[in-house]
Each structure stands twice: as C-alpha cells, then as structure tokens.
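Q:
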Amino acid sequence: MTEEHKQSLAVTAGVDRKMLESLVCPVTQKPLDYDREASELISRAAGLAFPIRDGIPIMLIDEARKID
Numbered sequence: 417m418t419e420e421h422k423q424s425l426a427v428t429a430g431v432d433r434k435m436l437e438s439l440v441c442p443v444t445q446k447p448l449d450y451d452r453e454a455s456e457l458i459s460r461a462a463g464l465a466f467p468i469r470d471g472i473p474i475m476l477i478d479e480a481r482k483i484d
C-alpha cells in the first residue's frame with residue numbers, strides 16, 4: 417500500500433480506515449485503491465469500482481461498476 421493511499425484512507429470520513437486497509441477485491445484478491453471523491457474502492461486489476469454507501473463498502477460484484 418502506497419503512502420498516498422494510506423494518507424487518503426486516514427482522512428476518510430465515516431469509513432473505518434483499518435477496515436479499508438484489510439479489504440481486497442473479491443475477484444482478484446488484490447488490494448483496492450480508495451477514491452474519496454467518488455466514494456468508491458477501485459480494483460484496477462479487475463477493472464471494477466465498488467461503491468461505499470453510508471460508510472459501508474459494498475463488495476458485491478453485481479453492485480460494482482466497470483471502469484476502463
């Protein structure tokens with residue numbers, strides 16, 4: 417996990433930083449990047465963005481949107 421990624425997780429309002437650090441992509445089992453502006457966890461390896469709703473990451477593949 418990059419230092420920039422850790423810093424962005426540290427300032428996450430309403431989302432537990434430790435929880436985000438422990439989550440991995442359910443498809444690839446690889447680490448996720450946090451997009452604070454979009455309120456999403458990004459799996460670059462799978463090309464998916466998982467939403468965070470009311471501070472809760474929704475890690476369901478059917479709920480993820482495809483990214484380029």
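In this text, residue positions in the sequence shown follow the working numbering: the first is 417, and each later residue adds one.
Even glycine gets a Cβ: it sits at the ideal position worked out from N, Cα and C.
1) List the endpoints of the continuous alpha helix (DSSP H) containing E456.
2) Just grab the DSSP bridge partners of I468 for me.
3) Is DSSP giving V427 helix, strand or coil here?
4) What is the rounded straight-line gap between the Cα of M475 and the Cα of C441?
A: On the basis of the coordinates in this document:
1) Counting from 1 along the sequence shown, the entry for residue 456 is found at position 40. Run containing E456: none in the alpha helix (DSSP H); it sits in the beta strand (DSSP E), 456–459.
2) As a working mapping, residue 468 is identified with position 52 in the sequence shown. Looking at the DSSP assignment, I468 forms a beta bridge with P473.
3) Numbered from 1 along the sequence shown, position 11 holds the residue referred to as residue 427. Note on V427: pLDDT 49, under 50, position unreliable in the model; no value is reported.
4) As a working note, residue 475 is residue 59 in the sequence shown. As a working note, residue 441 is residue 25 in the sequence shown. Straight-line Cα distance between these residues: approximately 8 Å.
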